[in-house]
Ligand code: KIV
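Residue numbers (the working numbering): 77 to 345.
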């Protein structure tokens with residue numbers, strides 16, 4: 077019988093931090109990509125609300141709905157045997173109303189089969205985090221650049237460069253750990269601050285544009301594959317130039333169809 081892979085759980089991630097093993101995390105929004113990511117043994121698949129930009133072409137993450145996030149998460153969960161699947165709670169599904177937050181998180185868990193939810197913010201969302209955790213739903217935090225608050229910040233530049241914001245970020249991380257979140261994503265903050273956070277809390281800290289001194293890294297899959305052209309932040313390492321490769325394949329297909337070269341005899345019944 078084929079050996080089943082060891083499933084990644086929040087406890088496994090905690091143990092990875094203790095043993096110094098780095099955590100790999102990438103976004104996934106659909107079944108086909110999630111299968112490949114899981115076969116590559118990526119530890120955590122994030123059904124990110126970046127689907128709003130990457131899959132739907134919106135300028136921000138704000139428009140994506142809870143129903144749409146659940147649809148993406150269902151597709152990812154169907155593909156996964158090993159990874160922990162974390163689902164972003166979309167804008168408007170938890171802020172300022174802990175009852176709505178709990179209802180939203182329960183819908184995500186029940187209807188998608190995801191393993192945990194991710195929420196942006198610190199002290200501002202304390203009640204919502206507490207209420208969701210009290211229902212036994214694992215929560216991943218997200219501090220630093222929090223794209224759901226883009227209209228508050230006004231820009232996607234590096235966060236927490238000033239002392240006051242850095243101090244708030246550290247105290248938010250400590251608070252989230254105390255509340256019981258199982259991990260925290262730090263987005264686009266100075267590497268030195270990320271290092272301090274990762275050394276202060278016992279739970280795993282996963283960075284995106286937060287330098288190397290954290291417990292794991294996350295990127296948007298389409299960005300690291302080079303499928304997106306117009307997004308080139310310093311932290312992004314592109315492992316392929318899939319935009320060009322895919323475009324060339326589409327051109328070759330178009331040419332083969334136009335010339336009558338496709339399909340040939342072997343490709344016909
Ligand atoms: O939605 C997303 O893709 C994210 C990552 C950038 C961490 O939250």
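Using N, Cα and C, we set each Cβ at its ideal position, and we do this for glycine too.
Values in this document were obtained by computation on a predicted structure and should not be read as measured data.
For the structure I just gave you, are there three or more beta carbon pairs, one from the segment 114 to 130 and one from the segment 163 to 170, closer than 8 Å? yes
Closest by CA to residue 116, which one among 129, 101, 130? Out of 129, 101, 130, 101 has the C-alpha closest to the C-alpha of residue 116.
Taking 6 Å as the cut-off, is the CB of residue 297 close to at least one heavy atom of the ligand KIV? no
Express the C-alpha separation of residue 244 and residue 305 in angstroms, rounding to a whole number. 34 Å
Unbroken alpha helix (DSSP H) run spanning residue 109, endpoints: 107 to 115 is the span of the alpha helix (DSSP H), which, as asked, contains residue 109.
Length of the line joining the Cα atoms of residue 105 and residue 153: 10 Å
Tell me which residues share the same chain as residue 209 and place their Cβ nearer than 8 Å to its Cβ, disregarding the 5 neighbours each side in the sequence. Excluding positions up to five away in sequence, the list reads 215, 255, 256, 257.
Please find out if some non-hydrogen atom of the ligand KIV comes closer than 6 Å to the beta-carbon of residue 287. no
My understanding is that residue 292 touches residue 280, with C-beta atoms under 8 Å, so please give their C-beta distance in whole angstroms. 6 Å
Does the Cβ of residue 129 have 16 or more other Cβ atoms within 10 Å, making it buried, or fewer, making it exposed? buried
Residues of its chain near residue 344, where Cβ-Cβ distance is below 7 Å and the 5 sequence neighbours each way are ignored: none
What three-state label does DSSP hand residue 213 in the structure shown? coil
Hey, residue 277 and residue 249: beta-carbon distance below 7 Å or not? yes
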